[in-house]
Structures are given as structure tokens and as C-alpha cells.
Amino acid sequence: MRDLRRGAIEPDLELDLHGLTRAAARSALRETLRDAIAEGARCLLVVHGRGHRSESGPVLRDALPAWLAEDPHGAAVLAFAAGEAQRGGATYVLLRRSRP
Numbered sequence: 127m128r129d130l131r132r133g134a135i136e137p138d139l140e141l142d143l144h145g146l147t148r149a150a151a152r153s154a155l156r157e158t159l160r161d162a163i164a165e166g167a168r169c170l171l172v173v174h175g176r177g178h179r180s181e182s183g184p185v186l187r188d189a190l191p192a193w194l195a196e197d198p199h200g201a202a203v204l205a206f207a208a209g210e211a212q213r214g215g216a217t218y219v220l221l222r223r224s225r226p
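Count along the sequence shown from 1, then add 126; that gives the number in the numbering used here.
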């Protein structure tokens with residue numbers, strides 16, 4: 127988890143959710159996770175921002191854990207962790223290794 131938080135695990139893919147509505151961000155995440163799992167990716171970086179421009183706070187960041195647990199990709203998500211200060215508005219997602 128420490129390596130994940132520090133960004134020591136290089137992301138295979140990056141998804142930027144800036145400027146998307148909650149519904150569009152959820153859809154983009156689902157599609158990217160589907161593709162990442164199919165490609166055998168190990169780590170995904172989800173850039174969601176800090177929520178400074180949102181009246182109700184960090185909407186996307188707060189919704190992310192529930193979205194990551196959803197079917198059909200929830201079982202493939204091994205762990206996730208917020209990036210440290212240098213990646214303040216991002217979350218690293220570690221995916222399970224696919225079995226041959």
C-alpha cells in the first residue's frame with residue numbers, strides 16, 4: 127500500500143475525470159476499468175481533482191470507492207489509495223493479476 131500511495135508502482139493507464147459530471151465520470155471509469163482488465167493492466171491512475179470548484183466538495187473523489195467496488199469490475203480491484211501531495215487530486219488503483 128505504501129508503494130501504491132507513493133506512486134512507486136507505475137500506472138499502465140491514466141484516466142482524467144476533470145470537468146466531467148458525476149454520471150459521465152462513472153461511465154468513463156467503468157469503460158476504462160473494463161479495458162484495463164481486458165489488457166491485463168496492473169495499475170490505473172484516476173485523476174479526479176480535489177473538488178475545489180464544486181459547491182458540495184470533492185464529489186468525484188468521494189464517489190470513487192463505491193464505483194470501484196461495483197460489478198462487474200469490483201472483484202478485479204485489489205486496492206486503491208489516494209496519491210500523495212504531488213498527485214493530490216488522484217487515486218491509484220491496483221488491479222488483480224489476470225490468470226491465464
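In this text, a Cβ means the ideal position worked out from N, Cα and C, and glycines have one as well.
Could you give the residue range of the alpha helix (DSSP H) that holds residue i?
i      : result
Asp129 : 128 to 132
Asp142 : It is not in any alpha helix (DSSP H) - Asp142 instead sits in the beta strand (DSSP E) that spans 139 to 142.
Ala216 : Note, Ala216: premise wrong, no alpha helix (DSSP H); beta strand (DSSP E) at 216 to 221.
Taking the alpha carbon of residue i as the reference point, which residue from the options has its own alpha carbon closest?
i      : options                        : result
Val172 : Asp129, Gly133, Arg128, Glu165 : Gly133
Exposed or buried, which one is residue i when buried takes at least 16 other CB atoms within 10 Å?
i      : result
Leu143 : buried
Gly175 : buried
Pro198 : exposed
Gly215 : buried
Pro137 : buried
Arg187 : buried
Ala192 : exposed
If you drop the 5 nearest sequence neighbours on each side, which residues of the same chain put their C-beta closer than 7 Å to that of residue i?
i      : result
Leu130 : Ala205, Ala207, Tyr218, Leu220
Tell me which residues share the same chain as residue i and place their Cβ nearer than 6 Å to its Cβ, disregarding the 5 neighbours each side in the sequence.
i      : result
Leu159 : His199
Within the continuous beta strand (DSSP E) that includes residue i, where are the two ends?
i      : result
Ala208 : 203 to 208
Output needed for residue i: all residues of its chain with C-beta closer than 8 Å, excluding positions within five of it in sequence on either side, in chain order.
i      : result
Ala189 : Arg148, Ala151, Arg152
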